[in-house]
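Chemist: Sequential numbering from 1 applies to the sequence shown in the numbering used here. Structure provided below as structure tokens; questions to follow.
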Amino acid sequence: MQSKVNGLVVGVVCALVSSGVVFGQDEARGSSAGPGVGKPSIVLVDVDRRQTTSLNGDWHIIADPYVAGLYDFHNHVIANGYFNDQVAEPGKNTLVEYNFAKSPTIKVPGDWNMQKEWLRLYEGPLWYEREFDYKPEAGHRAWLHIGAANYRSRMYVNGKEACEHEGGFTSFDCEVTDFVKPGENDAVIYVDDTRMADGIPTLKTDWYNYGGLTRDVSIITTPANFIDDFDLHLDRATRSVIEGYVHVEGASAGTKVSVTIPEAKLAFSGVTDADGKAAVSMPAKGLSLWAPGNPKLYKVTLKAGADSLEDDMGFRTIETQGTHILLNGKPIVLHGICIHAEAPYRGGRVNTDQDVATLFGWVQDLGANFVRLAHYPHDMRMERAADKLGILVWSEVPVYWALHFEDEAVFKKSQGQLSEEIRRDRDKASVILWSIANETPSTEARTTFLTRSANYVHGLDPTRLVTAALLVRGEGNTKIIDDPLGKALDVIGFNEYIGWYEKTPEAMDQTDWKIAYDKPLIVSEFGGDAKAGLHGGEHERWTEEYQANIFRHQIAMLNRIPSLRGTTPWILMDFRSPVRQLPGIQDGFNRKGLISDQGEKKEAFGILQKAYKSDGLGKAE
């Protein structure tokens, strides 16, 4: 490819990235980017319920593969970097080698790959810039909210670094109270989507590495002391008490806190302790419990000092008993499907209400009550919609394939992503499973790493279940699930592709299963590729008929597993993946979707739909 990139050539940029040269990694330079040291980010809860100034829309961009906007030719931080948004003044002999105002623009939210052809294959640093009007309020604080920035990012307001962040799929917030001013302000954001060997995810994945500000960006205004975290849940033992806490950032001991649910005639009042936390406990008999078929949401109001938050919350319990999954104390079978955050029809990341409505419309048409949001946290719109529609959710972090499991720094990164995910979505009744990994190799280092992760998640949120998508091994016609990580999990998820990556669909008729754990099982992936509209015999690969044949045999085989409590076949919709290169068939897409990226339903969709709507796959007990 020889399309020009502001005087650069995409082919050169890609060659630099693939050769192992990693730009924008400050550790290699031994210094931080910009003036001072970037503060760590935090995660504000319920940002969609806060006073917000949207920064969505057009942003100027500069692709910067050599990181000229941060470092000089000796890799020292430059004082007049792009974060200063300098402009050469007419009549003055000032050297400024960039100009945001004359640079191209792209839309935020949105990845850069799908908006500019010359950025389609670009991986590396890129700068965003826009001006915005803001009116600071006395006694209030201002926060720059980033819904997601893939993968490493630094945020600047009026030339001052507000914070830095690593991780491409979780939201975060930087305090900018001391940086914003009345009237016109300038925001500059540096985003680097270079894949990293010690990143999460690591260098190789089976999805497209969409770079940039892929979700909403805004300025959030809060009181000086405000509710920055809370947890309200139904107790498992009686399902008649709402328990939890409210934390008030900056509050001193004795700050009054209240929680009210007017429709249920429930009210709680208390005070914070020395750490700013108020423990909550209030009787809640007679609540209509949230569940598929009854997605009841209550208006919940939280108040602390000058701050007030309103949330729509469902109340339910989730637990296991032997091989059963109990929702509100009753066994349930999970009829699910996997979903990537790939936008239908247009490509790129899911980040609009229409994207979410389209995906969940297909989920409901399928007859599913459960989705696995693979392989990373999705836009919060997905969980909000699931709450309203009564769709249960498996939420995951991208601890995917072969990470550096021996590296403590990598473990700390995984902890960070887990805590950000849980903090954001703890208030969503739809989320019942936190997944800590997908298809990781069974090694001692990996098992130690992920056992620590499971324990960490249980500590952060003991009200939900912990799972992971494991691999299986085989001996002849027997498939064995005995991964040692299973000891740390509440629910065993496993991926298998009999009929596609191994053997034929008919081989499933002779397959039996040996399960080492007396725990609920979810088949977190199965399936095969088919190009929509390609037809042939049921033994002809890549055809809709072959994919449908896989599903018929899978359903029959899986129904012979007594402890099967759920299925999430791979996957709802075709999605972009650079590792899928078969011309005329894949063309850069993983074709395992039941629906094409253009909304064409394949034959296998009807096979699974019939099984789900007739309750013909899996049993609750």
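From the three backbone atoms N, C-alpha and C, an ideal C-beta is built for every residue, glycine too.
1) Could you spell out where the beta strand (DSSP E) holding Asn185 opens and where it closes?
2) Could you pull out every unbroken beta strand (DSSP E) segment of at least 3 residues lying fully inside the region 189–276, listed in chain order?
3) If you compare alpha carbons, which of Asp482, Ala197, Gly348 and Gly276 is closest to Val107?
4) For a quick check, are the C-beta atoms of Val188 and Ser153 less than 8 Å apart?
5) So Ser419 is in the alpha helix (DSSP H); what residue range does that whole segment cover?
6) Are there 16 or more other CB atoms within 10 angstroms of the CB of Lys135, so buried, or fewer, so exposed?
7) Note down, in chain order, each residue of its chain lying with its Cβ closer than 6 Å to the Cβ of Ala306, except the 5 sequence neighbours on either side.
8) Please list, in chain order, all residues of the same chain as Gly474 whose beta carbon is under 7 Å from its beta carbon, the five residues on each side excluded.
9) Check Ser31 in the structure and name its three-state DSSP category.
10) Please confirm whether Leu465 and Ile432 have their CB atoms less than 8 Å apart.
11) Which partner residues does Arg541 have in the DSSP bridge list?
12) Report all residues from its chain with a CB closer than 7 Å to the CB of Val472; omit the five preceding and five following residues, and keep chain order.
13) Specify the secondary structure class of Gly110 as computed by DSSP and reduced to three states.
14) Using 8 Å for Cβ pairs, my map puts Gly168 next to Asn150. What's the rounded Cβ distance?
15) How about His535 and Pro505: are their beta carbons less than 8 Å apart?
16) At a cut of 8 Å, does the region 317–332 reach the region 343–359 through at least three beta carbon pairs?
17) From Trp570 to Val523, what does the alpha carbon distance come to, in whole angstroms?
18) Here's the rule I'm using: 16 or more other beta-carbon atoms within 10 Å means buried, otherwise exposed. How should Ala530 be labelled?
19) Quick check on Ser453: does DSSP put it in helix, strand or coil?
20) Helix or strand or just coil, what does DSSP make of Glu123?
21) With respect to the alpha helix (DSSP H) encompassing Gly606, which residues constitute its N-terminal and C-terminal limits?
22) Note down the Cα distance separating Glu27 from Tyr546, rounded to an integer number of angstroms.
23) Tell me the start and end of each unbroken beta strand (DSSP E) in the region 55–85 that is at least 3 residues and wholly inside, in chain order.
24) Mind checking who His335 pairs with in its DSSP beta bridge?
25) My understanding is that Thr105 touches His60, with C-beta atoms under 8 Å, so please give their C-beta distance in whole angstroms.
26) Under a Cβ-count criterion, where at least 16 other Cβ atoms within 10 Å of its own Cβ denotes burial, should Lys613 be classed as buried or exposed?
27) Less than 8 Å between the beta carbons of Leu334 and Leu392, yes or no?
28) When you compare each of Asp275, Lys514 and Glu502 to Gly527 by their alpha carbons, which one comes out closest?
29) Give me, in chain order, the residues of the same chain whose beta-carbon lies closer than 6 Å to that of Val47; leave out the 5 immediate sequence neighbours on both sides.
30) For Gln25, does the three-state DSSP call read helix, strand or coil?
31) Taking a contact to mean a Cβ-Cβ separation below 8 Å, would you say Val399 touches Thr358 in this structure?
32) In the DSSP assignment, what are the bridge partners of Ser430?
33) Between the alpha carbons of Glu166 and Arg591, how many angstroms are there, rounded?
34) Run the CB neighbour count on Ser41, radius 10 Å, all protein chains shown included, and call it buried at 16 or more, exposed below.
35) Following the continuous beta strand (DSSP E) through Thr301, name the residue where it begins and the one where it ends.
36) Drop a sphere of 10 angstroms on the beta-carbon of Tyr345, count the other beta-carbons inside from all chains shown, and report buried for 16 or more, exposed for fewer.
Modeler: Let me lay it out:
1) Gly183 to Asp192
2) 217–223, 226–234, 241–249, 256–261 and 266–271
3) The sequence shown places Lys at residue 107, rather than the Val named in the question. Among Asp482, Ala197, Gly348 and Gly276, the Cα nearest to that of Lys107 belongs to Gly348.
4) no
5) Glu408 to Asp425
6) exposed
7) Pro223
8) Ile480
9) Because Ser31 carries a pLDDT of 33, less than 50, the predicted location of this residue cannot be relied on, and no value is offered for it.
10) yes
11) For Arg541, which the question treats as bridged, DSSP gives no partner whatsoever.
12) Lys479, Ile480, Ile481, Phe494 and Glu496
13) coil
14) 3 Å
15) no
16) no
17) 10 Å
18) buried
19) helix
20) coil
21) Glu603 to Lys613
22) Caution is warranted here: a pLDDT of 37 is assigned to Glu27, below 50, making its placement in the model unreliable, and the coordinate value is therefore given only provisionally. Their backbone Cα atoms lie some 49 Å apart in a straight line.
23) 57–63
24) Thr567
25) 5 Å
26) exposed
27) yes
28) Glu502
29) His145 and Ile220
30) The predicted model places Gln25 with a pLDDT of 38, which falls under 50 and marks its position as unreliable; any figure quoted below should be read in that light. If DSSP states are grouped into helix, strand and coil, Gln25 belongs with coil.
31) no
32) In the DSSP output, where bridge partners are listed per residue, Ser430 has none listed.
33) 30 Å
34) buried
35) Tyr298 to Ala304
36) exposed
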